[in-house]
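*Asks:* Here it is, the structure in full.
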Amino acid sequence: MLPTNRNRPQPRASRSWSFSEMDFSDPKRKPRLLSKILMGTFLTAMCIVMLIQSPCHSSPSVFSIHEPGVTHVLVTGGAGYIGSHAALRLLKDSYRVTIVDNLSRGNIGAIKALQNLFPEPGRLQFIYADLGDAKTVNRIFAENAFDAVMHFAAVAYVGESTLEPLRYYHNITSNTLVVLEAMAAHGVKTLIYSSTCATYGEPEKMPITEETPQVPINPYGKAKKMAEDIILDFSTRSNMAVMILRYFNVIGSDPEGRFGEAPRPELREHGRISGACFDAALGIIPGLKVKGTDYETPDGTCIRDYIDVTDLVDAHVKALDKAEPGKVGIYNVGTGKGRSVKEFVEACKKATGVDIKVDYFPRRPGDYAEVYSDPTKIKRELNWTAQRTDLLESLQTAWRWQKSHRSGYGPPLAMVL
1 MLPTNRNRPQ
11 PRASRSWSFS
21 EMDFSDPKRK
31 PRLLSKILMG
41 TFLTAMCIVM
51 LIQSPCHSSP
61 SVFSIHEPGV
71 THVLVTGGAG
81 YIGSHAALRL
91 LKDSYRVTIV
101 DNLSRGNIGA
111 IKALQNLFPE
121 PGRLQFIYAD
131 LGDAKTVNRI
141 FAENAFDAVM
151 HFAAVAYVGE
161 STLEPLRYYH
171 NITSNTLVVL
181 EAMAAHGVKT
191 LIYSSTCATY
201 GEPEKMPITE
211 ETPQVPINPY
221 GKAKKMAEDI
231 ILDFSTRSNM
241 AVMILRYFNV
251 IGSDPEGRFG
261 EAPRPELREH
271 GRISGACFDA
281 ALGIIPGLKV
291 KGTDYETPDG
301 TCIRDYIDVT
311 DLVDAHVKAL
321 DKAEPGKVGI
331 YNVGTGKGRS
341 VKEFVEACKK
351 ATGVDIKVDY
361 FPRRPGDYAE
371 VYSDPTKIKR
381 ELNWTAQRTD
391 LLESLQTAWR
401 WQKSHRSGYG
411 PPLAMVL
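Just so you know, the UniProt record's numbering puts the end of the sequence shown at 417, numbered straight through with nothing missing.
Printed below as a string of C-alpha coordinates:
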(Lines of atoms letter the chains of each structure in order from A and count residues from 1; the text may use other names and numbers.)
(Lines give C-alpha, C1' and ligand atoms only; values in the text may rest on other atoms or scores of the structure.)
Protein backbone atom coordinates (compact mmCIF):
# COMPACT_ATOMS: atom_id res chain seq x y z
CA MET A 1 0.00 0.00 0.00
CA LEU A 2 1.23 3.48 -0.82
CA PRO A 3 2.11 5.67 2.16
CA THR A 4 -0.82 7.69 3.43
CA ASN A 5 -1.61 10.65 1.18
CA ARG A 6 -2.11 13.36 3.76
CA ASN A 7 -2.99 15.96 1.19
CA ARG A 8 -6.10 14.36 -0.19
CA PRO A 9 -8.08 12.48 2.46
CA GLN A 10 -10.30 9.90 0.87
CA PRO A 11 -13.99 9.94 1.63
CA ARG A 12 -14.94 7.19 4.05
CA ALA A 13 -17.86 4.97 3.29
CA SER A 14 -20.67 5.39 5.75
CA ARG A 15 -23.83 3.54 6.46
CA SER A 16 -26.71 4.67 8.63
CA TRP A 17 -28.22 2.29 11.16
CA SER A 18 -31.77 2.76 12.48
CA PHE A 19 -32.94 1.22 15.78
CA SER A 20 -36.38 2.82 15.69
CA GLU A 21 -38.19 -0.27 14.43
CA MET A 22 -36.71 -2.74 16.92
CA ASP A 23 -39.13 -4.50 19.25
CA PHE A 24 -37.23 -4.95 22.50
CA SER A 25 -40.08 -6.99 24.02
CA ASP A 26 -39.99 -9.65 21.34
CA PRO A 27 -37.44 -12.37 22.29
CA LYS A 28 -37.21 -13.48 18.66
CA ARG A 29 -35.73 -10.09 17.82
CA LYS A 30 -32.92 -10.41 20.37
CA PRO A 31 -30.46 -12.20 18.07
CA ARG A 32 -31.07 -9.56 15.43
CA LEU A 33 -30.67 -6.82 18.01
CA LEU A 34 -27.46 -8.35 19.31
CA SER A 35 -25.99 -8.65 15.84
CA LYS A 36 -26.77 -5.02 15.12
CA ILE A 37 -25.25 -3.90 18.40
CA LEU A 38 -22.13 -5.90 17.62
CA MET A 39 -22.00 -4.43 14.13
CA GLY A 40 -22.42 -0.94 15.54
CA THR A 41 -19.64 -1.57 18.06
CA PHE A 42 -17.40 -2.84 15.29
CA LEU A 43 -18.07 0.18 13.10
CA THR A 44 -17.44 2.52 16.02
CA ALA A 45 -14.15 0.80 16.73
CA MET A 46 -13.17 1.08 13.07
CA CYS A 47 -13.98 4.79 13.09
CA ILE A 48 -11.76 5.26 16.14
CA VAL A 49 -8.92 3.41 14.45
CA MET A 50 -9.32 5.51 11.33
CA LEU A 51 -9.31 8.69 13.39
CA ILE A 52 -6.18 7.61 15.22
CA GLN A 53 -4.50 6.89 11.89
CA SER A 54 -5.60 10.17 10.32
CA PRO A 55 -2.95 12.89 9.84
CA CYS A 56 -4.08 14.99 12.81
CA HIS A 57 -3.52 12.13 15.24
CA SER A 58 -0.56 10.29 13.74
CA SER A 59 3.14 10.92 14.08
CA PRO A 60 4.72 12.93 11.23
CA SER A 61 5.10 11.09 7.95
CA VAL A 62 8.64 10.21 6.93
CA PHE A 63 7.94 12.15 3.76
CA SER A 64 7.64 15.33 5.82
CA ILE A 65 11.06 14.95 7.45
CA HIS A 66 14.52 15.59 6.01
CA GLU A 67 16.39 12.38 6.79
CA PRO A 68 20.20 12.29 6.69
CA GLY A 69 21.46 10.16 3.85
CA VAL A 70 18.08 10.09 2.08
CA THR A 71 17.29 12.33 -0.89
CA HIS A 72 13.59 12.99 -1.34
CA VAL A 73 12.71 13.76 -4.96
CA LEU A 74 9.39 15.15 -6.17
CA VAL A 75 8.67 13.71 -9.62
CA THR A 76 5.96 15.70 -11.38
CA GLY A 77 4.22 13.74 -14.10
CA GLY A 78 5.55 10.52 -12.62
CA ALA A 79 2.60 8.50 -13.90
CA GLY A 80 3.54 9.28 -17.49
CA TYR A 81 5.78 7.45 -19.92
CA ILE A 82 9.10 9.13 -19.11
CA GLY A 83 8.22 10.11 -15.54
CA SER A 84 7.37 6.54 -14.51
CA HIS A 85 10.67 5.26 -15.88
CA ALA A 86 12.46 8.04 -13.97
CA ALA A 87 10.65 7.15 -10.75
CA LEU A 88 11.60 3.50 -11.25
CA ARG A 89 15.28 4.39 -11.62
CA LEU A 90 15.25 6.72 -8.60
CA LEU A 91 13.61 4.09 -6.43
CA LYS A 92 16.09 1.45 -7.58
CA ASP A 93 18.86 3.87 -6.58
CA SER A 94 17.34 4.24 -3.07
CA TYR A 95 15.90 7.73 -3.45
CA ARG A 96 12.68 8.59 -1.65
CA VAL A 97 10.07 9.49 -4.26
CA THR A 98 6.85 11.47 -4.25
CA ILE A 99 4.89 11.48 -7.50
CA VAL A 100 2.42 14.25 -8.26
CA ASP A 101 0.21 13.70 -11.29
CA ASN A 102 -3.34 14.59 -12.29
CA LEU A 103 -3.56 11.48 -14.52
CA SER A 104 -4.78 13.50 -17.49
CA ARG A 105 -2.00 11.89 -19.52
CA GLY A 106 -0.46 9.51 -17.01
CA ASN A 107 -1.56 6.03 -16.01
CA ILE A 108 -2.63 4.89 -12.57
CA GLY A 109 -1.40 1.46 -13.64
CA ALA A 110 2.16 2.77 -13.71
CA ILE A 111 1.74 3.97 -10.13
CA LYS A 112 0.42 0.58 -9.06
CA ALA A 113 3.34 -1.15 -10.76
CA LEU A 114 5.80 1.07 -8.89
CA GLN A 115 3.90 0.51 -5.66
CA ASN A 116 4.09 -3.26 -6.09
CA LEU A 117 7.82 -3.12 -6.75
CA PHE A 118 8.57 -0.83 -3.80
CA PRO A 119 5.99 -1.50 -1.07
CA GLU A 120 8.25 -0.56 1.84
CA PRO A 121 7.01 2.38 3.94
CA GLY A 122 8.75 5.64 3.23
CA ARG A 123 9.87 4.79 -0.29
CA LEU A 124 7.09 6.03 -2.54
CA GLN A 125 3.96 8.11 -2.26
CA PHE A 126 1.52 9.24 -4.92
CA ILE A 127 -0.43 12.49 -4.71
CA TYR A 128 -3.25 13.09 -7.15
CA ALA A 129 -3.09 16.81 -7.88
CA ASP A 130 -3.04 19.36 -10.68
CA LEU A 131 0.01 21.62 -10.83
CA GLY A 132 -2.24 24.40 -12.07
CA ASP A 133 -3.78 24.62 -8.59
CA ALA A 134 -1.29 26.86 -6.79
CA LYS A 135 -2.88 26.42 -3.35
CA THR A 136 -2.73 22.65 -3.60
CA VAL A 137 0.85 22.70 -4.85
CA ASN A 138 1.88 25.01 -2.01
CA ARG A 139 0.23 22.67 0.51
CA ILE A 140 2.05 19.68 -0.99
CA PHE A 141 5.38 21.45 -0.54
CA ALA A 142 4.43 22.54 2.98
CA GLU A 143 3.61 18.97 4.04
CA ASN A 144 6.60 17.26 2.42
CA ALA A 145 10.33 17.69 2.84
CA PHE A 146 11.56 17.70 -0.74
CA ASP A 147 15.25 17.90 -1.52
CA ALA A 148 14.86 18.15 -5.28
CA VAL A 149 12.27 18.35 -8.05
CA MET A 150 12.30 16.50 -11.37
CA HIS A 151 9.73 18.37 -13.41
CA PHE A 152 8.34 16.17 -16.21
CA ALA A 153 4.64 17.04 -16.08
CA ALA A 154 3.54 18.53 -19.40
CA VAL A 155 1.36 18.00 -22.41
CA ALA A 156 3.81 17.11 -25.14
CA TYR A 157 2.42 16.68 -28.65
CA VAL A 158 3.59 19.08 -31.36
CA GLY A 159 0.52 18.64 -33.54
CA GLU A 160 -1.89 19.06 -30.64
CA SER A 161 -0.08 22.22 -29.56
CA THR A 162 -0.93 23.88 -32.86
CA LEU A 163 -4.61 23.05 -32.29
CA GLU A 164 -4.72 24.02 -28.60
CA PRO A 165 -1.95 26.58 -28.04
CA LEU A 166 -3.47 28.17 -24.94
CA ARG A 167 -3.65 24.79 -23.24
CA TYR A 168 0.06 24.30 -23.87
CA TYR A 169 1.09 27.71 -22.54
CA HIS A 170 -0.99 27.16 -19.44
CA ASN A 171 0.05 23.57 -18.81
CA ILE A 172 3.76 24.00 -19.51
CA THR A 173 4.69 27.61 -18.85
CA SER A 174 2.20 28.62 -16.18
CA ASN A 175 2.47 25.36 -14.24
CA THR A 176 6.26 25.58 -14.21
CA LEU A 177 5.90 29.01 -12.63
CA VAL A 178 3.64 27.51 -9.93
CA VAL A 179 6.25 24.85 -9.17
CA LEU A 180 9.05 27.43 -8.99
CA GLU A 181 7.06 29.64 -6.63
CA ALA A 182 6.44 26.68 -4.33
CA MET A 183 10.12 25.71 -4.43
CA ALA A 184 11.11 29.27 -3.53
CA ALA A 185 8.57 29.51 -0.72
CA HIS A 186 9.68 26.24 0.89
CA GLY A 187 13.42 26.31 0.30
CA VAL A 188 13.73 23.50 -2.25
CA LYS A 189 16.98 24.29 -4.01
CA THR A 190 17.43 21.71 -6.79
CA LEU A 191 15.49 21.53 -10.07
CA ILE A 192 15.97 19.09 -12.92
CA TYR A 193 13.84 20.41 -15.77
CA SER A 194 12.61 18.20 -18.60
CA SER A 195 12.81 20.35 -21.73
CA THR A 196 12.92 19.56 -25.43
CA CYS A 197 14.81 19.99 -28.66
CA ALA A 198 11.62 21.63 -29.97
CA THR A 199 12.92 24.87 -28.42
CA TYR A 200 15.49 25.04 -31.24
CA GLY A 201 12.95 25.08 -34.07
CA GLU A 202 14.64 24.56 -37.45
CA PRO A 203 18.33 25.32 -36.93
CA GLU A 204 20.43 26.30 -39.93
CA LYS A 205 23.26 24.00 -38.91
CA MET A 206 23.44 20.42 -37.72
CA PRO A 207 24.15 18.92 -35.28
CA ILE A 208 22.47 21.01 -32.60
CA THR A 209 24.66 22.24 -29.76
CA GLU A 210 23.56 23.97 -26.56
CA GLU A 211 24.63 27.25 -28.20
CA THR A 212 22.32 26.81 -31.18
CA PRO A 213 19.82 29.70 -31.23
CA GLN A 214 16.40 28.81 -29.83
CA VAL A 215 13.75 29.78 -32.36
CA PRO A 216 10.81 27.42 -31.73
CA ILE A 217 8.18 27.16 -34.46
CA ASN A 218 5.26 25.55 -32.61
CA PRO A 219 3.44 26.31 -29.34
CA TYR A 220 4.93 23.24 -27.63
CA GLY A 221 8.49 24.43 -28.25
CA LYS A 222 7.59 28.05 -27.46
CA ALA A 223 5.94 27.11 -24.16
CA LYS A 224 8.98 25.06 -23.14
CA LYS A 225 11.34 27.90 -24.03
CA MET A 226 9.24 30.34 -21.99
CA ALA A 227 9.46 27.95 -19.03
CA GLU A 228 13.23 27.74 -19.47
CA ASP A 229 13.47 31.54 -19.53
CA ILE A 230 11.49 31.81 -16.29
CA ILE A 231 13.75 29.23 -14.64
CA LEU A 232 16.91 30.99 -15.81
CA ASP A 233 15.67 34.43 -14.73
CA PHE A 234 14.78 33.12 -11.30
CA SER A 235 18.06 31.23 -10.90
CA THR A 236 20.07 34.44 -11.26
CA ARG A 237 18.49 35.77 -8.05
CA SER A 238 18.64 32.57 -6.06
CA ASN A 239 21.10 29.91 -5.01
CA MET A 240 19.29 27.14 -6.85
CA ALA A 241 20.96 24.20 -8.53
CA VAL A 242 19.36 24.00 -11.98
CA MET A 243 19.75 21.42 -14.71
CA ILE A 244 17.83 21.81 -17.99
CA LEU A 245 17.80 18.75 -20.24
CA ARG A 246 16.72 19.28 -23.83
CA TYR A 247 16.04 15.89 -25.24
CA PHE A 248 15.10 14.52 -28.56
CA ASN A 249 12.67 11.80 -29.68
CA VAL A 250 12.14 9.21 -26.96
CA ILE A 251 11.64 5.52 -27.73
CA GLY A 252 11.94 2.17 -25.97
CA SER A 253 10.75 0.93 -22.61
CA ASP A 254 11.92 -0.72 -19.41
CA PRO A 255 14.20 -3.64 -20.48
CA GLU A 256 12.58 -5.88 -17.85
CA GLY A 257 9.14 -5.33 -19.34
CA ARG A 258 7.46 -3.64 -16.38
CA PHE A 259 6.82 -0.20 -17.88
CA GLY A 260 6.10 1.19 -21.31
CA GLU A 261 4.28 3.87 -23.24
CA ALA A 262 0.50 3.78 -23.02
CA PRO A 263 -1.15 6.94 -24.39
CA ARG A 264 -4.90 7.32 -24.11
CA PRO A 265 -6.73 6.18 -27.27
CA GLU A 266 -7.95 9.67 -28.13
CA LEU A 267 -4.35 10.95 -28.14
CA ARG A 268 -2.82 8.30 -30.35
CA GLU A 269 -3.09 10.37 -33.51
CA HIS A 270 -0.85 13.01 -31.91
CA GLY A 271 1.57 10.53 -30.37
CA ARG A 272 5.03 9.24 -31.14
CA ILE A 273 5.74 7.40 -34.37
CA SER A 274 6.73 4.28 -32.42
CA GLY A 275 3.25 4.09 -30.88
CA ALA A 276 1.63 4.43 -34.28
CA CYS A 277 3.87 1.69 -35.70
CA PHE A 278 2.94 -0.67 -32.87
CA ASP A 279 -0.76 0.11 -33.21
CA ALA A 280 -0.57 -0.73 -36.90
CA ALA A 281 1.32 -3.97 -36.16
CA LEU A 282 -1.33 -4.95 -33.59
CA GLY A 283 -4.18 -4.18 -35.99
CA ILE A 284 -5.53 -1.39 -33.79
CA ILE A 285 -5.27 0.93 -36.77
CA PRO A 286 -5.28 -0.16 -40.43
CA GLY A 287 -1.87 1.28 -41.21
CA LEU A 288 0.75 3.89 -40.49
CA LYS A 289 0.31 7.49 -41.58
CA VAL A 290 3.57 9.20 -42.46
CA LYS A 291 3.06 12.94 -42.62
CA GLY A 292 5.47 14.74 -44.87
CA THR A 293 7.56 13.36 -47.74
CA ASP A 294 8.77 16.63 -49.26
CA TYR A 295 11.28 17.75 -46.65
CA GLU A 296 14.78 18.66 -47.78
CA THR A 297 16.26 15.39 -46.55
CA PRO A 298 17.75 12.44 -48.47
CA ASP A 299 14.49 10.46 -48.59
CA GLY A 300 12.05 13.36 -48.13
CA THR A 301 10.94 12.39 -44.61
CA CYS A 302 11.83 14.02 -41.30
CA ILE A 303 15.11 13.17 -39.62
CA ARG A 304 15.15 12.79 -35.85
CA ASP A 305 17.53 11.75 -33.08
CA TYR A 306 15.92 8.82 -31.24
CA ILE A 307 16.95 8.39 -27.61
CA ASP A 308 16.07 5.31 -25.56
CA VAL A 309 14.05 6.13 -22.44
CA THR A 310 16.47 4.17 -20.24
CA ASP A 311 19.37 6.34 -21.43
CA LEU A 312 17.26 9.47 -20.97
CA VAL A 313 16.47 8.59 -17.37
CA ASP A 314 20.13 7.87 -16.72
CA ALA A 315 20.94 11.40 -17.90
CA HIS A 316 18.42 12.84 -15.42
CA VAL A 317 19.91 10.90 -12.52
CA LYS A 318 23.44 12.00 -13.48
CA ALA A 319 22.19 15.59 -13.69
CA LEU A 320 20.70 15.31 -10.22
CA ASP A 321 23.96 13.92 -8.87
CA LYS A 322 26.02 16.71 -10.45
CA ALA A 323 23.69 19.63 -9.66
CA GLU A 324 25.45 22.36 -7.66
CA PRO A 325 23.94 25.31 -5.76
CA GLY A 326 24.12 28.58 -7.67
CA LYS A 327 24.93 26.88 -10.97
CA VAL A 328 22.92 26.15 -14.11
CA GLY A 329 23.62 23.28 -16.48
CA ILE A 330 21.96 23.05 -19.91
CA TYR A 331 22.42 19.87 -21.89
CA ASN A 332 21.23 18.21 -25.07
CA VAL A 333 20.34 14.58 -24.49
CA GLY A 334 20.57 12.55 -27.67
CA THR A 335 22.63 10.01 -29.55
CA GLY A 336 24.17 12.45 -32.01
CA LYS A 337 22.81 10.48 -34.95
CA GLY A 338 19.73 11.28 -37.04
CA ARG A 339 17.40 8.67 -38.54
CA SER A 340 14.72 9.35 -41.13
CA VAL A 341 11.09 8.40 -40.64
CA LYS A 342 11.39 5.88 -43.48
CA GLU A 343 14.38 4.28 -41.75
CA PHE A 344 12.39 4.17 -38.52
CA VAL A 345 9.41 2.49 -40.20
CA GLU A 346 11.61 -0.19 -41.74
CA ALA A 347 13.18 -0.89 -38.33
CA CYS A 348 9.71 -1.10 -36.81
CA LYS A 349 8.65 -3.65 -39.42
CA LYS A 350 11.65 -5.79 -38.49
CA ALA A 351 11.04 -5.41 -34.76
CA THR A 352 7.39 -6.45 -35.00
CA GLY A 353 7.69 -8.95 -37.83
CA VAL A 354 4.70 -7.28 -39.47
CA ASP A 355 4.66 -5.76 -42.95
CA ILE A 356 2.97 -2.58 -41.79
CA LYS A 357 0.90 -0.74 -44.36
CA VAL A 358 2.18 2.80 -44.83
CA ASP A 359 0.22 5.75 -46.23
CA TYR A 360 1.77 9.11 -46.93
CA PHE A 361 0.13 12.44 -46.18
CA PRO A 362 1.00 16.16 -46.21
CA ARG A 363 3.20 17.61 -43.51
CA ARG A 364 1.97 17.95 -39.95
CA PRO A 365 1.66 21.60 -38.85
CA GLY A 366 4.61 22.83 -36.82
CA ASP A 367 7.00 20.04 -37.72
CA TYR A 368 10.59 20.62 -38.82
CA ALA A 369 12.76 18.76 -41.32
CA GLU A 370 15.90 17.70 -39.50
CA VAL A 371 16.92 17.63 -35.84
CA TYR A 372 19.74 15.73 -34.17
CA SER A 373 22.03 16.55 -31.30
CA ASP A 374 25.66 17.08 -30.52
CA PRO A 375 26.01 15.35 -27.11
CA THR A 376 29.62 16.46 -26.56
CA LYS A 377 28.86 18.76 -23.63
CA ILE A 378 26.86 16.26 -21.58
CA LYS A 379 29.54 13.64 -22.14
CA ARG A 380 32.26 16.02 -21.01
CA GLU A 381 30.50 17.49 -17.96
CA LEU A 382 28.20 14.71 -16.73
CA ASN A 383 30.07 11.69 -18.10
CA TRP A 384 26.91 10.61 -19.88
CA THR A 385 26.76 8.80 -23.20
CA ALA A 386 23.81 7.04 -24.78
CA GLN A 387 24.29 3.28 -24.42
CA ARG A 388 21.20 1.94 -26.20
CA THR A 389 21.81 3.30 -29.67
CA ASP A 390 20.62 0.30 -31.67
CA LEU A 391 17.28 1.50 -33.05
CA LEU A 392 16.07 -2.02 -33.80
CA GLU A 393 16.90 -3.25 -30.29
CA SER A 394 15.06 -0.36 -28.62
CA LEU A 395 12.01 -1.00 -30.79
CA GLN A 396 12.11 -4.73 -30.04
CA THR A 397 12.14 -3.99 -26.30
CA ALA A 398 9.19 -1.63 -26.63
CA TRP A 399 7.34 -4.12 -28.85
CA ARG A 400 7.60 -6.87 -26.23
CA TRP A 401 5.88 -4.58 -23.73
CA GLN A 402 3.22 -3.56 -26.22
CA LYS A 403 2.40 -7.17 -27.09
CA SER A 404 1.95 -8.13 -23.45
CA HIS A 405 0.05 -4.94 -22.59
CA ARG A 406 -2.38 -4.55 -25.46
CA SER A 407 -4.61 -2.35 -23.33
CA GLY A 408 -1.69 -0.47 -21.83
CA TYR A 409 -1.94 -0.50 -18.05
CA GLY A 410 -5.67 -1.12 -18.32
CA PRO A 411 -8.62 1.28 -18.25
CA PRO A 412 -7.95 4.25 -15.92
CA LEU A 413 -10.85 3.33 -13.65
CA ALA A 414 -10.19 -0.40 -13.55
CA MET A 415 -7.60 0.00 -10.80
CA VAL A 416 -8.00 2.05 -7.66
CA LEU A 417 -5.51 3.08 -5.02
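We treat Cβ as the ideally placed atom computed from N, Cα and C, and that holds for glycine.
Taking 7 Å as the cut-off, decide whether the C-beta atoms of Leu-177 and Val-242 are in contact.
*Replies:* no
*Asks:* Could you please give the first and the last residue of the uninterrupted beta strand (DSSP E) stretch that includes Ala-241?
*Replies:* Looking at the DSSP string, the run of the beta strand (DSSP E) that includes Ala-241 is 241-247.
*Asks:* Does the Cβ of Pro-219 have 16 or more other Cβ atoms within 10 Å, making it buried, or fewer, making it exposed?
*Replies:* buried
*Asks:* Counting along the chain, where does the alpha helix (DSSP H) carrying Val-97 start and finish?
*Replies:* Counted as a single uninterrupted DSSP element, the stretch harbouring Val-97 is not any alpha helix (DSSP H) but the beta strand (DSSP E) occupying residues 96-101.
*Asks:* Give the C-beta separation of Tyr-372 and Gly-329 to the nearest angstrom, bearing in mind that I take them to be a contact with Cβ-Cβ under 8 Å.
*Replies:* Contact doesn't hold; Cβ gap of about 21 Å is too wide.
*Asks:* Could you say which of Ser-274, Asp-367 and Arg-388 lies nearest to Thr-352 if we only look at CA atoms?
*Replies:* Ser-274
*Asks:* Within a Cβ cutoff of 7 Å, which residues of the same chain sit near Pro-365, ignoring the five residues on either side of it in sequence?
*Replies:* Gly-159 and Thr-162
*Asks:* Which same chain residues end up closer than 6 Å to Pro-203 when comparing Cβ atoms and leaving out the 5 residues on each side of it in sequence?
*Replies:* Excluding sequence neighbours, Pro-203 sits near Thr-212.
*Asks:* Please state whether DSSP places Met-206 in a helix, a strand or coil.
*Replies:* coil
*Asks:* Rounded to the nearest angstrom, what separates Leu-391 and Val-309 at their Cα positions?
*Replies:* 12 Å
*Asks:* Please report how far the alpha carbon of Gly-221 lies from the alpha carbon of Tyr-200, in whole angstroms.
*Replies:* 8 Å
*Asks:* Which partner residues does Tyr-306 have in the DSSP bridge list?
*Replies:* Tyr-306 has Asn-249 as its beta-bridge partners, per DSSP.
*Asks:* At the level of alpha carbons, what is the spacing between Tyr-295 and Gly-326?
*Replies:* 42 Å
*Asks:* Per DSSP, what kind of secondary structure is Val-410 in: helix, strand or coil?
*Replies:* Residue 410 is actually Gly in this sequence, not Val. In the structure shown, Gly-410 sits in coil (DSSP, three-state: anything other than H, G, I, E or B).
*Asks:* Could you say if the stretch 180-195 and the stretch 241-255 meet the contact criterion of at least three C-beta pairs nearer than 8 Å?
*Replies:* With a cut-off of 8 Å on Cβ pairs, the stretch 180-195 is in contact with the stretch 241-255, counting three or more such pairs.
*Asks:* State the Cα-Cα distance for the pair Glu-269 and Glu-164, rounded to the nearest angstrom.
*Replies:* For Glu-269 and Glu-164, the distance between alpha carbons rounds to 15 Å.
*Asks:* Are three or more beta carbon pairs between the stretch 309-318 and the stretch 381-389 nearer than 8 Å?
*Replies:* yes
*Asks:* So what does DSSP say about Asn-138, is it helix, strand or coil?
*Replies:* Correct three-state label for Asn-138: helix.
*Asks:* Would you kindly work out how many angstroms separate the C-alpha atoms of Pro-286 and Tyr-360, rounded to a whole number?
*Replies:* 13 Å
*Asks:* Taking the Cβ atom as the reference point for each residue, do Ala-262 and Gly-408 lie within a distance shorter than 7 Å?
*Replies:* yes
*Asks:* Give me the residue from Leu-90, Tyr-128 and Arg-123 with the minimum Cα distance to Ala-107.
*Replies:* According to the sequence displayed, residue 107 carries Asn and not Ala. Taking only the C-alpha atoms, the option nearest Asn-107 is Tyr-128.
*Asks:* For the stretch 129-179, list the beta strand (DSSP E) runs that are entirely contained and at least 3 residues long, ordered along the chain.
*Replies:* 148-151
*Asks:* Leaving aside the five residues before and after Gly-252 along the sequence, list all residues of the same chain whose C-beta is less than 7 Å from its C-beta, in chain order.
*Replies:* Asp-308, Val-309, Thr-310, Arg-388, Ser-394, Thr-397 and Ala-398
*Asks:* Val-354 and Ala-276: beta carbons closer than 7 Å?
*Replies:* no
*Asks:* Which partner residues of Arg-339 appear in the DSSP bridge assignment?
*Replies:* Arg-304
*Asks:* Kindly indicate the opening and closing residues of the beta strand (DSSP E) around Lys-289.
*Replies:* First-last of the beta strand (DSSP E) with Lys-289: 288-291.
*Asks:* Between which two residues does the beta strand (DSSP E) containing Ile-192 stretch?
*Replies:* 190-196
*Asks:* Going by Cα to Cα distance, which pick from Pro-255, Val-341, Val-179 and Cys-197 is closest to Leu-245?
*Replies:* When each option's Cα is compared against that of Leu-245, the closest is Cys-197.
*Asks:* From the DSSP output, read off the bridge partner residues of His-66.
*Replies:* Paired residues: none, contrary to the question.
*Asks:* Please go through the same chain and pick out, in chain order, the residues whose beta-carbon is closer than 7 Å to the beta-carbon of Ala-110, but skip the five residues on each side of it.
*Replies:* Ala-79, Ser-84, Phe-259 and Tyr-409
*Asks:* Return the CA-CA distance between Lys-377 and Asp-229, expressed in angstroms with no decimal places.
*Replies:* Distance between the alpha carbons of Lys-377 and Asp-229 is about 20 Å.
*Asks:* Where does Asn-107 fall in DSSP's three states?
*Replies:* coil
*Asks:* Output the distance between the C-alpha atoms of Val-49 and Val-179, rounded to the nearest integer angstrom.
*Replies:* Here the model assigns Val-49 a pLDDT of 38, short of 50, so the residue's position is not dependable, and the following value carries that caveat. Rounded to the nearest angstrom, the two C-alpha atoms are 35 Å apart.
*Asks:* Taking the alpha helix (DSSP H) that Tyr-220 belongs to, which residues open and close that run?
*Replies:* If you look at Tyr-220, you'll find it in the alpha helix (DSSP H) that goes 219-235.
*Asks:* Going straight from the alpha carbon of Pro-144 to that of Ile-82, what length do you get?
*Replies:* Rather than Pro, the amino acid found at residue 144 in this sequence is Asn. Asn-144 and Ile-82: Cα-Cα distance of roughly 23 Å.
*Asks:* Who are the Cβ neighbours of Ala-227 in its own chain at under 7 Å, not counting the five residues just before and after it?
*Replies:* Ile-172, Thr-173 and Thr-176
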